[in-house]
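With positions in the sequence shown counted from 1, the corresponding number in the working numbering is that position plus 1088.
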Amino acid sequence: MRKRLVDLRTAADSAEKRGREVEILDLVEQEVKLAELREAADNAEKRAAEVEVEVKYTVEQVVRKQDAVDKKARELIEAKMNMEKAAQVSTLPR
């Protein structure tokens, strides 16, 4: 009977140790997952910053191109008006 009680206590101690080991392993696993999530979040923030820079650069390019198109349109309108003035002058009676 005493032997059985000692065996039960030993088994209980072993189970308690295994339970603690399982808890520790669970905590370690959670820490690893948390570290992975933090790394993923950092990577996402870095990529977002890169995309923001790319978007700003693209917007600046579009604005520059639009400015060039507007300038060319003004030049063409001015040239047309000059041609019309020249045509009017050439049709005036002398």
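Where a beta carbon is used, it is the ideal one built from N, C-alpha and C, also for glycine.
Span separating the alpha-carbon of residue i from that of residue j
{"i": "E1109", "j": "Q1149", "result": "60 Å"}
{"i": "A1100", "j": "V1116", "result": "24 Å"}
{"i": "M1171", "j": "N1131", "result": "60 Å"}
{"i": "E1104", "j": "T1098", "result": "10 Å"}
{"i": "K1173", "j": "T1146", "result": "41 Å"}
{"i": "E1166", "j": "Q1176", "result": "15 Å"}
{"i": "V1139", "j": "E1133", "result": "10 Å"}
{"i": "K1121", "j": "G1107", "result": "21 Å"}
{"i": "D1114", "j": "R1126", "result": "18 Å"}
{"i": "A1156", "j": "E1163", "result": "11 Å"}
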